[in-house]
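K.L.:
Going down the list, the sequences are from chains A and B. The opening position of the first sequence corresponds to residue 181 in our numbering, with each subsequent residue numbered one higher. The opening position of the second sequence corresponds to residue 73 in our numbering, with each subsequent residue numbered one higher. A virtual CB, placed ideally from N, CA and C, is assigned to each residue, including glycine. Have a look at this one before I ask anything.
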Amino acid sequence: MCYLYVLMQSRIILDSQKFRLTLERLCHQLIENHGDFSNTCIIGLQPRGVFLARRIQKILEELIPGLKIEFGLLDSTFHRDDFRRRDTQILAEETDIEFVVDGKEVVLIDDVFYTGRSIRSALDALLDFGRPAKIELLVLIDRRLSRHVPITPDYVGKTVDAVTSEKVRVEWSENGSDDKVWIVPSKE
Amino acid sequence: MSNLSVKHLIAIKDLQPEDVQLILNTADNFKDILNRPIKRVPTLRDITIANIFFENSTRTRISFELAEKRLSADIVNFSSSGSSVKKGETLVDTVNNILAMKVDMVVMRHQSPGAPVLLSKHIDATIINAGDGTHEHPTQALLDAYSMMDKLGEKSGKRLTDLKGVKVAIIGDILHSRVAGSNIHCLKMLGADVTLCGPPTLIPKHIESMGVRVSYNLKETLEWCDVANVLRIQLERQDIKFFPSLREYSLYYGINRELLDSIKKEIIIMHPGPINRGVEITSDVADSKQSIILQQVENGVAIRMAVLYLLAGRLD
Numbered sequence: 181m182c183y184l185y186v187l188m189q190s191r192i193i194l195d196s197q198k199f200r201l202t203l204e205r206l207c208h209q210l211i212e213n214h215g216d217f218s219n220t221c222i223i224g225l226q227p228r229g230v231f232l233a234r235r236i237q238k239i240l241e242e243l244i245p246g247l248k249i250e251f252g253l254l255d256s257t258f259h260r261d262d263f264r265r266r267d268t269q270i271l272a273e274e275t276d277i278e279f280v281v282d283g284k285e286v287v288l289i290d291d292v293f294y295t296g297r298s299i300r301s302a303l304d305a306l307l308d309f310g311r312p313a314k315i316e317l318l319v320l321i322d323r324r325l326s327r328h329v330p331i332t333p334d335y336v337g338k339t340v341d342a343v344t345s346e347k348v349r350v351e352w353s354e355n356g357s358d359d360k361v362w363i364v365p366s367k368e
Numbered sequence: 073m074s075n076l077s078v079k080h081l082i083a084i085k086d087l088q089p090e091d092v093q094l095i096l097n098t099a100d101n102f103k104d105i106l107n108r109p110i111k112r113v114p115t116l117r118d119i120t121i122a123n124i125f126f127e128n129s130t131r132t133r134i135s136f137e138l139a140e141k142r143l144s145a146d147i148v149n150f151s152s153s154g155s156s157v158k159k160g161e162t163l164v165d166t167v168n169n170i171l172a173m174k175v176d177m178v179v180m181r182h183q184s185p186g187a188p189v190l191l192s193k194h195i196d197a198t199i200i201n202a203g204d205g206t207h208e209h210p211t212q213a214l215l216d217a218y219s220m221m222d223k224l225g226e227k228s229g230k231r232l233t234d235l236k237g238v239k240v241a242i243i244g245d246i247l248h249s250r251v252a253g254s255n256i257h258c259l260k261m262l263g264a265d266v267t268l269c270g271p272p273t274l275i276p277k278h279i280e281s282m283g284v285r286v287s288y289n290l291k292e293t294l295e296w297c298d299v300a301n302v303l304r305i306q307l308e309r310q311d312i313k314f315f316p317s318l319r320e321y322s323l324y325y326g327i328n329r330e331l332l333d334s335i336k337k338e339i340i341i342m343h344p345g346p347i348n349r350g351v352e353i354t355s356d357v358a359d360s361k362q363s364i365i366l367q368q369v370e371n372g373v374a375i376r377m378a379v380l381y382l383l384a385g386r387l388d
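Now the structure itself:
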């Protein structure tokens with residue numbers, strides 16, 4: 181009973197200090213695999229992966245002075261498999277990929293990896309732009325044990341075991357609060 | 073996240089300003105998709121759409137068909153010539169028979185005003201009006217507004233979200249034009265000032281009650297406006313003479329280079345097509361830099377994709 185009570189409470193799983201460390205670790209892992217990023221581009225998934233992608237881009241440019249990474253935004257609304265299964269329609273956000281992805285190594289970036297369905301749709305949406313040499317996935321939070329499709333991320337900030345009745349909430353300093361990741365009970 | 077307030081798109085006057093805004097915003101996303109190497113998304117792959125055309129059409133029909141294909145819908149095309157309509161089958165019967173083959177949406181053009189409303193009362197599918205007689209042509213009005221915002225935004229260097237304070241003239245056969253009706257509703261919703269111009273016989277009485285001005289002087293109207301939407305003389309709908317001759321019409325209400333050069337500013341010229349070259353507009357104007365007639369056609373596909381996408385989201 182006591183354990184359940186703790187589960188239903190909001191709790192912080194990454195505070196701003198750990199948050200920064202985690203992002204730096206992810207960037208070092210990217211550098212380890214992609215070197216000078218001459219054949220690599222990073223693409224943030226709309227809507228919330230974009231914050232993480234911009235932050236990763238910024239930290240990478242701090243770590244490697246003079247680095248210019250090709251950066252894009254991808255919206256996969258029209259490739260989703262839950263169209264007409266929701267009460268309200270999702271509105272698409274901007275897609276902005278101003279470079280050729282053919283033959284490139286693409287790092288897709290999203291904040292929370294849950295069922296894997298949005299990554300599935302993002303992969304479809306991305307392939308409409310060409311044939312990348314390789315696609316990798318970077319996520320800040322991996323909610324394991326809740327996958328609906330056989331997709332695994334290549335870079336993970338933190339793995340959490342949250343139950344389905346909980347939500348993972350990521351707060352960004354760009355939006356006025358501190359960088360933080362919460363687990364909160366879902367309203368339903 | 074948002075939904076349209078209507079289940080069918082029959083007339084602009086049934087829409088709320090938020091609906092118009094939602095459609096125009098969604099069209100931006102589809103315009104982007106139409107400029108990609110692969111111009112297709114799988115969104116409507118489980119939806120079947122029937123295009124039912126009881127009246128001739130080139131642009132609207134191809135535009136709807138392309139929009140449907142770009143969204144991966146299954147489509148069937150029907151035109152009244154060569155069908156059982158000629159044997160005396162009624163509209164509702166014809167459409168119900170098509171729907172019995174499990175069609176989710178119907179895009180219809182019909183020569184009788186009100187045909188789509190009648191249909192929406194008798195069948196379950198979602199109806200999109202592709203022009204009903206002299207009543208409305210909603211997707212044309214939406215694409216006209218979208219093209220104006222696009223072009224004016226390009227000129228001023230910033231993206232427009234409405235048409236507040238923009239002066240639009242609708243010139244020509246207002247009486248028989250469904251495009252004029254839909255355009256007036258749509259432009260007023262977006263905040264534009266509208267003036268209608270044409271021979272008195274072709275301007276409906278009491279039209280000022282829709283919040284528009286009326287002028288019978290073409291030159292004055294062109295000097296006033298930022299955008300001129302020129303309409304075709306619809307001879308097929310005119311069973312009596314409304315003006316003495318096409319030559320005389322063209323003399324007083326036709327737009328030509330000389331006239332455009334005599335006014336000080338460069339206005340945007342639009343036309344919903346098909347053009348009667350040399351009647352309401354001369355070739356050198358229709359093909360000039362000022363004219364956005366072909367951009368209207370291009371934007372039409374994006375607008376229709378947006379309408380189909382948003383209405384499909386409301387299907388049960």
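#1: Distance check for residue 247 (chain A) and residue 228 (chain A), CA to CA, integer angstroms please.
#2: Quick check on the burial criterion: 16 or more other C-beta atoms within 10 angstroms. Buried or exposed for residue 88 (chain B)?
#3: I'd like to know whether the C-beta of residue 142 (chain A) is nearer than 9 Å to at least one C-beta of chain B.
#4: Can you find a CB in chain B that lies within less than 9 Å of the CB of residue 195 (chain A)?
#5: When the distance is taken between beta carbons, is residue 347 (chain B) closer than 9 Å to residue 362 (chain B)?
#6: Would residue 204 (chain B) and residue 182 (chain B) qualify as a contact pair, given that the criterion is a beta-carbon distance under 9 Å?
#7: Kindly say whether residue 274 (chain A), judged by its beta-carbon, lies nearer than 9 Å to any beta-carbon of chain B.
#8: Within the 9 Å Cβ cut-off, does residue 371 (chain B) reach chain A?
#9: Residue 114 (chain B) CB to nearest chain A CB: under 9 Å?
#10: Could you work out which residues of chain B lie near residue 349 (chain A), taking near to mean beta carbons separated by less than 7 Å?
#11: Which residues does DSSP pair with residue 220 (chain A) in a beta bridge?
#12: What first and last residue would you give for the alpha helix (DSSP H) that runs through residue 320 (chain B)?
#13: Going straight from the alpha carbon of residue 231 (chain B) to that of residue 352 (chain B), what length do you get?
#14: Are there 16 or more other CB atoms within 10 angstroms of the CB of residue 214 (chain B), so buried, or fewer, so exposed?
#15: Could you tell me if residue 282 (chain A) is buried or exposed, where buried requires 16 or more neighbouring beta carbons within 10 angstroms of its beta carbon?
#16: Compute the distance between the beta-carbons of residue 265 (chain B) and residue 237 (chain B), then report whether it is under 9 Å.
#17: Report buried or exposed for residue 91 (chain B), applying the criterion of at least 16 other Cβ atoms within 10 angstroms of its Cβ.
#18: Given that residue 234 (chain B) touches chain A, what residues does it touch there, using C-beta distances under 8 Å?
#19: Who are the near neighbours of residue 295 (chain A) in its chain, counting only those whose CB is closer than 8 Å to its CB and skipping five residues on each side?
#20: Mind checking if residue 101 (chain B) is an interface residue toward chain A, Cβ cutoff 9 Å exclusive?
#21: Residue 104 (chain B) touches chain A at which residues, Cβ-Cβ below 7 Å?
#22: Using a 10 Å radius around the Cβ and a threshold of 16 neighbouring Cβ atoms, would you call residue 345 (chain A) buried or exposed?
#23: Could you check what DSSP says for residue 182 (chain B) in three-state terms: helix, strand or coil?
#24: Express the C-alpha separation of residue 351 (chain A) and residue 73 (chain B) in angstroms, rounding to a whole number.
#25: Mark residue 235 (chain A) as exposed unless 16 or more other C-beta atoms lie within 10 angstroms of its C-beta, in which case mark it buried.
#26: Just to confirm my understanding: we take residue 270 (chain A), look at its own chain, exclude 5 residues before and 5 after, and list those with CB closer than 6 Å. What are they?
#27: Tell me the DSSP secondary structure of residue 335 (chain A) in three-state form.
#28: Going by C-alpha distance, which of B:384, B:375 and B:387 is nearest residue 102 (chain B)?
#29: Could you name the residues of chain A that residue 428 (chain B) contacts, counting a contact when the two beta carbons are closer than 8 Å?
#30: For residue 21 (chain B), decide whether its Cβ has a neighbour in chain A, counting only Cβ atoms nearer than 9 Å.
#31: I'd like the ranges of any alpha helix (DSSP H) spanning at least 4 consecutive residues and lying wholly in the region 198–270 of chain A.
#32: Output yes if chain A places a C-beta closer than 9 Å to the C-beta of residue 94 (chain B); else output no.
#33: Quick one: does residue 199 (chain B) have its CB under 9 Å from some CB of chain A?
P.N.:
According to the data block:
#1: In the first sequence, counting from the first residue as 1, residue 228 (chain A) sits at position 48. In the first sequence, counting from the first residue as 1, residue 247 (chain A) sits at position 67. Between residue 228 (chain A) and residue 247 (chain A), the C-alpha separation is close to 24 Å.
#2: Here residue 88 (chain B) refers to the residue found at position 16 when the second sequence is read from its first residue. That one is exposed.
#3: With chain A represented from 181 up to 368, any question about residue 142 (chain A) goes unanswered, as that position is not in the structure.
#4: Walking along the first sequence from the start, residue 195 (chain A) turns up at place 15. Any Cβ of chain B closer than 9 Å to the Cβ of residue 195 (chain A) would place that residue at the interface, and such an atom is absent.
#5: Working through the second sequence from its first residue, we reach residue 362 (chain B) at position 290. Working through the second sequence from its first residue, we reach residue 347 (chain B) at position 275. Going by beta carbons, residue 362 (chain B) and residue 347 (chain B) fall outside the 9 Å limit.
#6: Here the question's residue 204 (chain B) lines up with position 132 in the second sequence. Here the question's residue 182 (chain B) lines up with position 110 in the second sequence. Residue 204 (chain B) is a Cβ neighbour of residue 182 (chain B), given a cutoff of 9 Å.
#7: By 1-based counting over the first sequence, the position of residue 274 (chain A) is 94. Output row for residue 274 (chain A): interface = yes.
#8: Counted from its first residue, the second sequence places residue 371 (chain B) at position 299. With 9 Å as the cut-off, residue 371 (chain B) does not count as an interface residue toward chain A.
#9: Locating residue 114 (chain B) in the second sequence gives position 42, where the first residue counts as 1. Judged by the 9 Å Cβ criterion, residue 114 (chain B) is in contact with chain A.
#10: Translated into positions along the first sequence, residue 349 (chain A) becomes position 169. Within chain B, no residue comes near residue 349 (chain A); the closest Cβ sits about 18 Å away, beyond 7 Å.
#11: Sequence index remark: in the first sequence, residue 220 (chain A) carries index 40 (1-based). Answer is A:285, bridged to residue 220 (chain A).
#12: Start at 1 with the first residue of the second sequence, and residue 320 (chain B) comes out as number 248. Run containing residue 320 (chain B): 318–325, per the alpha helix (DSSP H) assignment.
#13: In the second sequence, residue 231 (chain B) corresponds to position 159, counting from 1. In the second sequence, residue 352 (chain B) corresponds to position 280, counting from 1. Between the alpha carbons of residue 231 (chain B) and residue 352 (chain B) lies a distance of about 31 Å.
#14: As a first step, residue 214 (chain B) is located in the second sequence; it is residue number 142 there, counting from the start. Label assigned to residue 214 (chain B): buried.
#15: Translated into positions along the first sequence, residue 282 (chain A) becomes position 102. So residue 282 (chain A) ends up on the exposed side.
#16: On the second sequence, residue 265 (chain B) is found 193 positions in, with the first residue counted as 1. On the second sequence, residue 237 (chain B) is found 165 positions in, with the first residue counted as 1. One thing to note: residue 265 (chain B) has its Cβ within 9 Å of the Cβ of residue 237 (chain B).
#17: The residue given as residue 91 (chain B) occupies position 19 in the second sequence. Classification for residue 91 (chain B): buried.
#18: By 1-based counting over the second sequence, the position of residue 234 (chain B) is 162. Result: empty, since nearest Cβ-Cβ is about 18 Å, beyond 8 Å.
#19: The sequence position of residue 295 (chain A) within the first sequence is 115, counting from 1. If we look at residue 295 (chain A) and ignore the five residues flanking it on each side, its Cβ neighbours are 326, 327, 328 and 329.
#20: Locating residue 101 (chain B) in the second sequence gives position 29, where the first residue counts as 1. It does; some Cβ of chain A falls within 9 Å.
#21: Numbered from its first residue, the second sequence carries residue 104 (chain B) at position 32. Here the neighbours are 275.
#22: Mapped onto the first sequence, residue 345 (chain A) falls at position 165. The residue is exposed, with fewer than 16 neighbouring Cβ atoms inside 10 Å.
#23: Counting from 1 along the second sequence, the entry for residue 182 (chain B) is found at position 110. Here residue 182 (chain B) sits in strand by DSSP.
#24: Against the second sequence, residue 73 (chain B) aligns to sequence position 1. Against the first sequence, residue 351 (chain A) aligns to sequence position 171. With a pLDDT of 49 at residue 73 (chain B), under the threshold of 50, the predicted position of this residue should be treated as unreliable, though the coordinate-derived value follows. For residue 73 (chain B) and residue 351 (chain A), the distance between alpha carbons rounds to 20 Å.
#25: As a first step, residue 235 (chain A) must be located in the first sequence, where it is residue number 55. Residue 235 (chain A) counts as buried, since no fewer than 16 other beta carbons sit within 10 angstroms of its beta carbon.
#26: In the first sequence, residue 270 (chain A) corresponds to position 90, counting from 1. Exclusion of the five residues before and after residue 270 (chain A) leaves 257 as the residues of its chain whose Cβ lies within less than 6 Å of its Cβ.
#27: Sequence index remark: in the first sequence, residue 335 (chain A) carries index 155 (1-based). For residue 335 (chain A), the three-state secondary structure derived from DSSP is strand.
#28: Counted from its first residue, the second sequence places residue 102 (chain B) at position 30. The closest CA to that of residue 102 (chain B), considering only B:384, B:375 and B:387, is found on B:375.
#29: An answer regarding residue 428 (chain B) cannot be provided, because it is not within the stretch 73 to 388 covered by chain B.
#30: Here chain B comprises residues numbered 73 to 388, so residue 21 (chain B) is not present and cannot be evaluated.
#31: Along the region 198–270 of chain A, the alpha helix (DSSP H) occurs as fully enclosed runs of 4 or more residues at 229–243, listed in sequence order.
#32: Looking up residue 94 (chain B) in the second sequence gives position 22. For residue 94 (chain B), the answer is yes, since a Cβ of chain A falls inside 9 Å of its Cβ.
#33: Locating residue 199 (chain B) in the second sequence gives position 127, where the first residue counts as 1. The C-beta of residue 199 (chain B) comes no closer than 9 Å to any C-beta of chain A.
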